[in-house]
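Chains F and Z, in that order, give the protein sequences.
Going by our numbering, the first sequence opens with residue 23, and the numbers climb by one from there.
Going by our numbering, the second sequence opens with residue 6, and the numbers climb by one from there.
All C-beta atoms, glycine included, are put in the ideal place defined by N, C-alpha and C.
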Amino acid sequence: QITLKESGPARVKPTQTLTLTCTFSGFSLVTSGVGVAWIRQSPGKTLEWLAVIYWDDDKRYNPSLKTRLIITKDTSRNQVVLTMTNMDPVDTGTYYCAHRLIGHGSWDTGVLDNWGQGTLVTVSS
Amino acid sequence: DIQLTQSPSFLSASVEDTVTITCRASQHISNYLAWYQQKPGKAPNLLIYAASTLRSGVPSRFGGTGSGTEFTLTISSLQPEDFATYFCQQISTSPPTFGQGTELEVE
Numbered sequence: 023q024i025t026l027k028e029s030g031p032a033r034v035k036p037t038q039t040l041t042l043t044c045t046f047s048g049f050s051l052v053t054s055g056v057g058v059a060w061i062r063q064s065p066g067k068t069l070e071w072l073a074v075i076y077w078d079d080d081k082r083y084n085p086s087l088k089t090r091l092i093i094t095k096d097t098s099r100n101q102v103v104l105t106m107t108n109m110d111p112v113d114t115g116t117y118y119c120a121h122r123l124i125g126h127g128s129w130d131t132g133v134l135d136n137w138g139q140g141t142l143v144t145v146s147s
Numbered sequence: 006d007i008q009l010t011q012s013p014s015f016l017s018a019s020v021e022d023t024v025t026i027t028c029r030a031s032q033h034i035s036n037y038l039a040w041y042q043q044k045p046g047k048a049p050n051l052l053i054y055a056a057s058t059l060r061s062g063v064p065s066r067f068g069g070t071g072s073g074t075e076f077t078l079t080i081s082s083l084q085p086e087d088f089a090t091y092f093c094q095q096i097s098t099s100p101p102t103f104g105q106g107t108e109l110e111v112e
């Protein structure tokens, strides 16, 4: 059974850096083809793809956010970490990590077959 | 970015009704489309991928069709647990994008 869980601060101030951790089980990020993605959802329910990292350490970012994002993995801890710099109130929302379904879509995209419960991040001074 | 427009944005229906949600893409995306269901306070849940492939474990009352720029999600014989918000997602071109959602409520 695949499970994922996000953790990180509930609130950050404008201009600060957000660091979120996704801890997963039921699969390994050393297995060929496996990827973990981050997606966020605004309070208005808009979903936005942020980034994905693969078993071979290939990393793909949403071009509109690429300069602000860093995604890394720690395979020994079964964790994926997303860092987002220069946070703004418009970045407020629920941040999800998800397992990418193997074999569907290009390496820049993907279908997400298992999601974490999400973590709400509020950006406010 | 490819824009996905869902219609309607809100839909009222009753148990045992059949409903259809449409997702239109701003560019041709072949069959690179997925559908998700989201309930309040929960993460989206994958229902369908490759436009018409039902994810294992998803009830057969859910069906997806379409190719190119127009896609539909049909739910036959609505059950109480089906009242939720539905999103489409394209994975044809980076970045993957999502529709704005269709909220299905009890009439």
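Terminal residues of the beta strand (DSSP E) in which residue i lies
{"i": "F:Met106", "result": "101 to 106"}
{"i": "F:Val74", "result": "69 to 76"}
{"i": "Z:Ala48", "result": "That residue, Z:Ala48, is in no beta strand (DSSP E); it is neither H nor E in DSSP."}
{"i": "F:Asp135", "result": "134 to 137"}
{"i": "Z:Ala56", "result": "That residue, Z:Ala56, is in no beta strand (DSSP E); it is neither H nor E in DSSP."}
{"i": "F:Phe49", "result": "Segment: none, F:Phe49 is in no beta strand (DSSP E) and carries neither H nor E."}
{"i": "F:Gly140", "result": "Unbroken run through F:Gly140: none, as it is neither H nor E."}
CB contact below 8 Å: residue i versus chain F
{"i": "Z:Thr77", "result": "no"}
{"i": "Z:Ala55", "result": "yes"}
{"i": "Z:Ile96", "result": "yes"}
{"i": "Z:Arg60", "result": "yes"}
{"i": "Z:Thr10", "result": "no"}
{"i": "Z:Thr90", "result": "yes"}
{"i": "Z:Ala18", "result": "no"}
{"i": "Z:Ala39", "result": "yes"}
Where residue i falls: helix, strand or coil (DSSP)
{"i": "F:Arg90", "result": "helix"}
{"i": "F:Val112", "result": "helix"}
{"i": "Z:Asp87", "result": "helix"}
{"i": "Z:Ser17", "result": "strand"}
{"i": "F:Gln63", "result": "strand"}
{"i": "F:Lys27", "result": "strand"}
{"i": "Z:Ser12", "result": "strand"}
{"i": "F:Tyr83", "result": "strand"}
Cross-chain neighbours of residue i in chain Z, by beta carbon under 8 Å
{"i": "F:Gln139", "result": "Lys47, Ala48"}
Residues that residue i contacts on chain F, provided the C-beta gap is smaller than 7 Å
{"i": "Z:Leu51", "result": "Val133, Leu134, Asp135"}
Neighbouring residues, chain F, relative to residue i (Cβ below 9 Å)
{"i": "Z:Phe15", "result": "Ordered by position in chain F, no residue passes the 9 Å Cβ test against Z:Phe15, which lies about 12 Å from the chain."}
Chain Z contact residues for residue i, given Cβ-Cβ distances below 9 Å
{"i": "F:Pro85", "result": "Asp6, Ser99, Pro100"}
Chain Z within 8 Å of residue i, Cβ atoms only
{"i": "F:Leu104", "result": "no"}
{"i": "F:Leu42", "result": "no"}
{"i": "F:Thr67", "result": "Per the sequence shown, residue 67 of chain F should be read as Lys rather than Thr. It does: the Cβ of F:Lys67 has a partner Cβ on chain Z nearer than 8 Å."}
{"i": "F:Leu91", "result": "no"}
{"i": "F:Leu123", "result": "yes"}
{"i": "F:Trp71", "result": "yes"}
{"i": "F:Asp130", "result": "yes"}
Residues that residue i contacts on chain Z, provided the C-beta gap is smaller than 7 Å
{"i": "F:Tyr76", "result": "Simply none; closest approach about 14 Å."}
{"i": "F:Tyr118", "result": "Ala48"}
{"i": "F:Gly127", "result": "Tyr37, Ile96"}
8 Å Cβ cut-off: residues of chain F touching residue i
{"i": "Z:Gln105", "result": "Lys67, Thr68"}
Proximity test, residue i beta-carbon vs the ligand ATP heavy atom, cut-off 7 Å
{"i": "F:Pro36", "result": "What this structure holds is no ligand at all, so the ligand ATP is not there to describe."}
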